[in-house]
Each structure stands twice: as structure tokens, then as C-alpha cells.
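Q: According to our numbering, the sequence shown is numbered sequentially starting from 1.
Idealized CB from N, CA, C, for every residue including glycine.
I am attaching a structure below and will ask some questions about it afterwards.
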Amino acid sequence: YNLRALNAKVPGVQALTLNAEYALERGSGEGVDYDANAWYAQADYAFSTVPLTPILGYRYASFSGDDNLTDNRQKAWDSLSKGFVDWSTWLVGDVVGNYLLFNSNENVQQFSLKTHLNETLTLGAIHYQFWLDEKNYMGAPVSDRR
1 YNLRALNAKV PGVQALTLNA EYALERGSGE GVDYDANAWY AQADYAFSTV
51 PLTPILGYRY ASFSGDDNLT DNRQKAWDSL SKGFVDWSTW LVGDVVGNYL
101 LFNSNENVQQ FSLKTHLNET LTLGAIHYQF WLDEKNYMGA PVSDRR
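Here it is, written out as C-alpha cells:
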């Protein structure tokens, strides 16, 4: 299941764009019950009075983790199916998202700044802060979430 609001505008604040999405994974099979969720909320502000109209953004994303690895209930988000709205929408961070955390059992803060140099070229920078949702990494217990 999925609920989303994309490119929402706030009346009276045209420079502000809001995006949010919430997804649920439910079901059962082969003796396992699935109960996971993921979501993000993002705000971007375009400074239209500044040359090149820079866009400052903040995004928070959460991908559920499993707090009990010994039961038959899978609560860690499985990122098998994801959509693309913009970079870092569901695949957060090229290295971390693809090779380390796989967008499961993680929480992420994202700070971004970008500008469109022309219709086909965008220049930007993104800073991420990652931490675990539950105190385990790929099934191995850890003492700290960071």
C-alpha cells in the first residue's frame, strides 16, 4: 500500500514545495508474517530573487527495522520495489543505499542545495546523516544505532 503527495504547494508560499510518501508492506508466506513500513517527508524552498534560483531542501526518511530477529514476523522494510521522483527519493545515498544499508532498518536526514544551470544541467550538493532504526545490522546485534 502506498500514499503520496508530490509537488504540493502551500497557499501564499509559492517558493515552498512539499513531498511526502508512506508505504506499507503487509502479507504472509512460507511461515513469515510481513509488517513493515517506510516513509519520507521533504520540503524544498526556491530562492527566486537570487541568481540561478538556488533550492534549499530538507528531507527525513525512515525505513523500518526488525526489533526481534527470532520471531516469524518480518518488520524490516524490503526495498525491492521503489519509485523514482528525484535522486534520493527511495534509494538514499549511492554507496550507503546500494551497498551498506539497502534502505532497510535505517533513518536518514538529508540536507540539499541545488540550482539548475540550464534546462538540462543541475548542480547540487547533498549531505546525509544515517542511523539504524533498530539495534541490529543485517541480523547481527549492535550496541549503538549510529
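To the nearest angstrom, how far is the alpha carbon of asparagine 7 from that of tryptophan 39?
A: Residue mapping note: residue 7 aligns to position 7 of the sequence shown, counting from 1. Residue mapping note: residue 39 aligns to position 39 of the sequence shown, counting from 1. The straight-line gap from Cα to Cα measures roughly 16 Å.
Q: So what does DSSP say about threonine 152, is it helix, strand or coil?
A: There is simply no residue 152 to check, as the chain begins at 1 and stops at 146 in what is shown.
Q: Skipping 5 residues on each side, what residues in its chain have a beta carbon closer than 7 Å to that of glycine 139?
A: Taking the first residue of the sequence shown as 1, we reach residue 139 at position 139. Only Leu69 meet the Cβ criterion.
Q: How big is the Cα-Cα spacing for valine 108 and glycine 31?
A: Your numbering for residue 108 matches position 108 in the sequence shown. Your numbering for residue 31 matches position 31 in the sequence shown. Distance between the alpha carbons of valine 108 and glycine 31: 31 Å.
Q: Identify whether threonine 17 lies in helix, strand or coil by the three-state DSSP scheme.
A: Translated into the one-based positions of the sequence shown, residue 17 becomes position 17. Strand, per DSSP.
Q: Excluding sequence positions up to five away, which residues of its chain have a Cβ less than 6 Å from the Cβ of asparagine 19?
A: Here the question's residue 19 lines up with position 19 in the sequence shown. Leu6 and Gln42, listed in sequence order.
Q: So, helix, strand or coil for leucine 52, using DSSP?
A: Your numbering for residue 52 matches position 52 in the sequence shown. Three-state DSSP puts leucine 52 in coil, outside helix and strand.
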